[in-house]
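If you want my numbering, it's the position in the sequence shown, counting the first as 1, plus 460. Beta carbons: idealized from backbone N, C-alpha and C, even for Gly. Below you'll find the structure, written out as structure tokens, and then a few comments.
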Amino acid sequence: MDTSIVDVNSQWPANNDVGCPPSNKSVACPLPSEHAGVAHMGSASTLGRHLARRLVEVGVGDVFSVPGDFNLTLLDHLLAEPGLNLVGCCNELNAGYAADGYARSRGVGACVVTFTVGGLSVINAIAGAYSENLPVICIVGGPNSNDYGTNRILHHTIGVPDFSQEYRCFQTVTCAQVIVNHLEDAQELIDLCDFHCTDGEQACVYQHQL
């Protein structure tokens, strides 16, 4: 057995991509052009269906999820997408780490959790993916946009009418964050987040609500 001691820096990868997917498995994220009709949300499309298609387009085949009442409708759309396999997990941290491992193997991973109780639970795994430059997309279901500004205290929150705490937490451990609450700019926000996550950057998160 070789017991020689070597300089740790001499063993560092030349391209400094510790934890990143191998360079021969780089992921391209095609931003939709004006002629790429499949990527555009038409009148018959929905936000959930568009999001499902975009996940497939960036290379996601399996989505790791924990159902909750703020993401059930979205999960129905993901189940209906032929190119996606929805993998149920027993808790959010497991879903996050499964997406982390999937990103290491397949190039990009994704997980779906519910509002606050799910997002704050998965954040350790997302922070780990961020620290190792792994492209992981975390989708968090959110309350109805009509609930914003009503000063209500909703279940799954921390007991205050401020719904932004979870978003602020993710800002420190992801390369991009978006809140999708209008159909008019949903496509642009989703594509922006996917692009950041798969363009050699790190974990990203978007919160879905309408």
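Could you tell me the boundaries of the alpha helix (DSSP H) in which D529 lies? Per DSSP, D529 belongs to no alpha helix (DSSP H) and is neither H nor E.
Check the DSSP bridge columns for L652 and list the partner residues they point to. Answer is none; L652 lacks a bridge partner.
From G561 to L507, what does the alpha carbon distance come to, in whole angstroms? Distance between the alpha carbons of G561 and L507 is about 27 Å.
Return helix, strand or coil for P482, following the three-state DSSP convention. Interpretation of P482 is limited by its pLDDT of 39, a score under 50 that renders its predicted location unreliable; the figure taken from the coordinates is listed afterwards. Coil.
Taking the CB atoms as reference points, tell me whether G569 and A559 lie closer together than 8 Å. A contact, by the Cβ cut-off of 8 Å.
Taking the continuous beta strand (DSSP E) assigned at L546, which residues delimit it? According to the DSSP assignment, L546 belongs to the beta strand (DSSP E) that extends over N545 to G548.
Spatially closest choice to L594 from G601, A585 and G602, by CA coordinates: Residue A585 holds the alpha-carbon nearest to the alpha-carbon of L594 among G601, A585 and G602.
Alpha carbon to alpha carbon, how far is A636 from C653? Give it in angstroms, no decimals. Roughly 6 Å between the two C-alpha positions.
Whether T574 touches G556 by CB criterion (8 Å): Not a contact, by the Cβ cut-off of 8 Å.
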